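Below is one structure, written out as structure tokens, with a few remarks after it.
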Amino acid sequence: MPLREREEQLRHAQEIAHLGSFDWNPASGDLRWSDEHFLLWGLAPGTVTPDYALFRSGVHPDDVVRLEEALQAAIKGGRWYACKHRVVWPDGSVRHVHGRGEVMFDVSGRAVRMLGTVQCITERVAAEQALIGARDEAHRAKKDAEAANAAKSEFLSNMSHEIRTPLNAVLGLAQVGQREADGTAVRRLFDQMLDSGQHLLGIINNILDFSKIEAGKLSVEKEAVSLTRLTDRALGFCAARAAQKGLALRLSLGADLPEAFLADFLRLSQVLANLLDNAIKFTAQGDVVLGVDRFGGMLRFRVRDTGIGMSDEQLARVFLPFEQGDGSTTRRFGGTGLGLVICKRLAEIMGGTIRVESNPGCGTLFEVTLPLVAAAAPAAEPAEADRPEVAALQSGRRLDGMRILVAEDNPVNQAVLRELLGQEGAQLVCAEDGLDALQRIANAGGDAFDIVVTDIQMPNMDGHQLARRLRELHPSLPVVGLTAHAFAEERQRCFDSGMKEHVTKPIELNSLVRVLRKHARWQAPPLADDAVSPAPTLAPMAAAEGLVDWDAMLDLYQGRQAFVDKLVGIALASQATAPARLRDAAGQRDFAALAFTAHSIKGMSANFSAARLREFAVETEAAARAGRDDAGPMAQRLADLMDEFLAALSSRLGEASGTASPAS
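FYI, this note's numbering numbers position 50 of the sequence shown as 34, with every residue one higher than the one before it.
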């Protein structure tokens, strides 16, 4: 190939690659550039004679020193030259280039020639800078997201504390008022106050759970879960509300179910209770059924109701955060729209799925499917832990003689604890903070108290600091923490600081009593609940004797005697005011109140296989809704029947306590 043709090919290749070449004699200063080199300096080829000064003048001022250092290093024996730098064109625009070269030396070691190339890398640098910028932006976004999550967690923690602290006082005082109320009407007001407060607390808990799930901070445990205890707990949470609405609450168990399986008991209980509560909320009449069966290698939980149902459009949004059927649904039934989202996320975290079937006016079916891993049955839980309804009925002083030191800086919370625990027979001494508590122990002696109950956030010395000091000074003195923070991290901090237990505000009296009785270094006085086995069996009674067919009821709940016992306690607590409400409404000819109460009794009596009571409740409801003159006398008779019914339940519960074997 002729030389000229080869040179033309080389020139064309350099043009395509944006690659210029140079030949420089450092000793003489002679410099030759290819046409592409001129173009890389923003100059037309051949319009000027290149020299070192021209080369240097095109280099960006900030890069000159670095470039000349690289050239000198190569000339002084380094041989190889390489430098990335910027070139400023005559019009002021900037290009990025990469220069490379090889130095040749004469016999004396003097540099006499450098051959090299210069390539335009402007696009590559721009891409690299864009990549670096994107990486930096992603890093900043990640840091911002982490900071936002941290701020959200801190905000939620503070919000939880700020809401729970006054709510603790409100609910605590309501519990005091409920216990001391003389009349039915006054007690009903405190009942409504407690119901509203518990509803608010449920909303707060839903928001916190959802936030923990979104932040990836919610974990699940793997433990042996008793299927009986799980279903009893889920149904027990909702039984009173179902009875109030007159709904039948039923349990359906499939064949060949394991006695126990591996799962997270608390989280699965939460899912089932949430689904049942949701079903009860949207069901005006009929029944709600919890079903459990095997589905291949899975365990399937089904919650079916006869409620209002959902359209296809509503089904598409049912698992979206903060969504409900429509605005009218929210106004009518309330709620945050988070319950089902939490159920879905929890089911997925536990390795399962959740699905829903529904049609408007035809009820709804929710189905949760979880991996089935059978396990040995766990040890039975203490009776008090599973039967708060029965514990609430105890008239004894459950903390009689217990000496409690309370460290609490809020005067209202001090007053609530004095009233609630004082009514249980406890002797309270209140300290304003951790330092005050330590001083009182020092003055009275380490054996002066059976247990210390401390708030967490206090001035001067907080609850964690107090617990650590007591662990050093009086290791046998148990400490229980009271905190408005509902996060698992706070619970763990309490244990790490040496506390025996952590009780979340607002305080639920029966829960606090159980914790104190469990951990205090004090001899507990005998209670009816302490004198029975963990799962007391109701005394035998002939079928259909009185108002309740106990055998039929036991069959209805598939032989689940413990759950029948629980329903007895729930009915005694939730229906105690029903006779008075019927008589009040009859006296005032308040047909709406009569119909509502009779409807509630109708559903409750179905759960108890109390056919005669149910029939009369149906007739009374119909008379009240029609506004008939005989509605009042019928309500009076229904009230008498309810008195008999409640007396039968009380007698039954008493016989169960009297015939059960003592606890070991």
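Positions of the beta carbon are idealized from the N, C-alpha and C atoms, including for glycine. As the structure is a prediction and not an experimental result, all values here were calculated from the model.
Endpoints, alpha helix (DSSP H) assigned at residue i
i: Phe547; result: Gln545 to Ser558
i: Val325; result: Gly323 to Ile333
i: Arg214; result: Per the sequence shown, residue 214 should be read as Leu rather than Arg. Unbroken alpha helix (DSSP H) run through Leu214: Leu211 to Gln228.
i: Asp568; result: Ala562 to Gly571
i: Thr290; result: Thr290 -> no alpha helix (DSSP H), and no H or E assigned at all.
i: Thr581; result: Phe575 to Asn591
i: Leu466; result: Element bounds for Leu466: not the alpha helix (DSSP H) but the beta strand (DSSP E), Val463 to Thr467.
Cutoff 7 Å; reference residue i; Cβ partners in own chain excluding five residues on either side
i: Asp35; result: Gly13 and Leu15
i: Met177; result: Ala158
i: Val72; result: Gly42, His44 and Val78
i: Ala226; result: Leu233, Ile264, Val272 and Gly587
i: Arg455; result: Gly482
i: Arg84; result: Tyr65, Ala66, Gly100 and Thr101
Local conformation of residue i per DSSP, three classes
i: Ser661; result: Look at the range of the chain in this structure, -15 to 648, and you will see that residue 661 is not part of it.
i: Val204; result: coil
i: Trp73; result: coil
i: Lys502; result: helix
i: Gly85; result: strand
i: Ile435; result: strand
i: Ser495; result: helix
i: Lys68; result: strand
i: Phe279; result: strand
i: Gln476; result: helix
i: Arg382; result: coil
i: Ala28; result: coil
i: Met525; result: With a pLDDT of 34 at Met525, under the threshold of 50, the predicted position of this residue should be treated as unreliable, though the coordinate-derived value follows. Three-state result, Met525: coil.
i: Leu157; result: helix
i: Phe285; result: strand
i: Ala367; result: In this predicted model, Ala367 has a pLDDT of only 43, less than 50, meaning its place in the structure is not dependable; the value taken from the coordinates is given anyway. Ala367 falls in the helix class under three-state DSSP.
i: His80; result: strand
i: Leu304; result: coil
Beta-carbon proximity list for residue i, same chain, < 6 Å, skipping 5 on both sides
i: Asp193; result: Ile326
i: Met626; result: Ala562 and Pro563
i: Met386; result: Ala410, Asp434, Ala504 and Trp506
i: His82; result: Lys68, Gln103 and Ile105
i: Val381; result: The sequence given here has Arg at residue 381, not Val. So the list reads Glu408 and Gly409, once near-sequence residues are dropped.
Residue i versus residue j - alpha carbon distance
i: Asp613; j: Arg598; result: 21 Å
i: Asp179; j: Asp446; result: 32 Å
i: Pro10; j: Ala118; result: 42 Å
i: Thr215; j: Lys196; result: 26 Å
i: Leu173; j: Ala557; result: 15 Å
i: Val43; j: Val109; result: 16 Å
i: Ala247; j: Phe600; result: 44 Å
i: Met483; j: Ser460; result: 11 Å
i: Gln228; j: Glu408; result: 29 Å
i: Ala608; j: Ala536; result: 30 Å
i: Ala95; j: Met88; result: 6 Å
i: Glu605; j: Leu283; result: 40 Å
i: Leu630; j: Gly275; result: 29 Å
i: Ser5; j: His123; result: 40 Å
i: Leu99; j: Leu55; result: 12 Å
i: Ala650; j: Gln182; result: Any property of residue 650 remains undetermined from this structure, which presents the chain solely from -15 to 648.
i: Asp431; j: Arg278; result: 55 Å
i: Leu412; j: Asp393; result: 15 Å
i: Arg567; j: Ala576; result: 13 Å
i: Leu622; j: Ala610; result: 17 Å
i: Phe221; j: Ala426; result: 44 Å
i: Phe479; j: Leu299; result: 43 Å
i: Arg301; j: Leu322; result: 12 Å
Limits of the unbroken beta strand (DSSP E) element including residue i
i: Pro355; result: Thr348 to Pro355
i: Met98; result: Ala95 to Cys104
i: Glu243; result: Careful: Glu243 lies outside any beta strand (DSSP E) and carries neither H nor E.
i: Glu649; result: Residue coverage of the chain in this structure runs from -15 to 648, which leaves residue 649 outside it and unanswerable.
i: Ser342; result: Thr337 to Ser342
i: Trp17; result: Leu15 to Trp17
i: Thr488; result: Glu485 to Thr488
i: Trp8; result: Leu3 to Trp8
i: Leu389; result: Arg387 to Ala391
i: Leu231; result: That residue, Leu231, is in no beta strand (DSSP E); it is neither H nor E in DSSP.
i: Val532; result: It is not in any beta strand (DSSP E) - Val532 carries neither H nor E in the DSSP assignment.
i: Gln411; result: Gln411 to Ala415
Whole-Å CB distance - residue i paired with residue j, under 8 Å assumed
i: Ala208; j: Ala244; result: 5 Å
i: Val436; j: Val400; result: Rounded, the Cβ-Cβ distance is 17 Å, inconsistent with contact.
i: Ala153; j: Val390; result: In fact, because the Cβ distance is near 14 Å, the residues do not count as touching under 8 Å.
Residues near residue i by beta carbon distance below 8 Å, same chain, minus five either side
i: Gly270; result: Leu231, Ala232, Asp289, Thr290, Gly291 and Gly347
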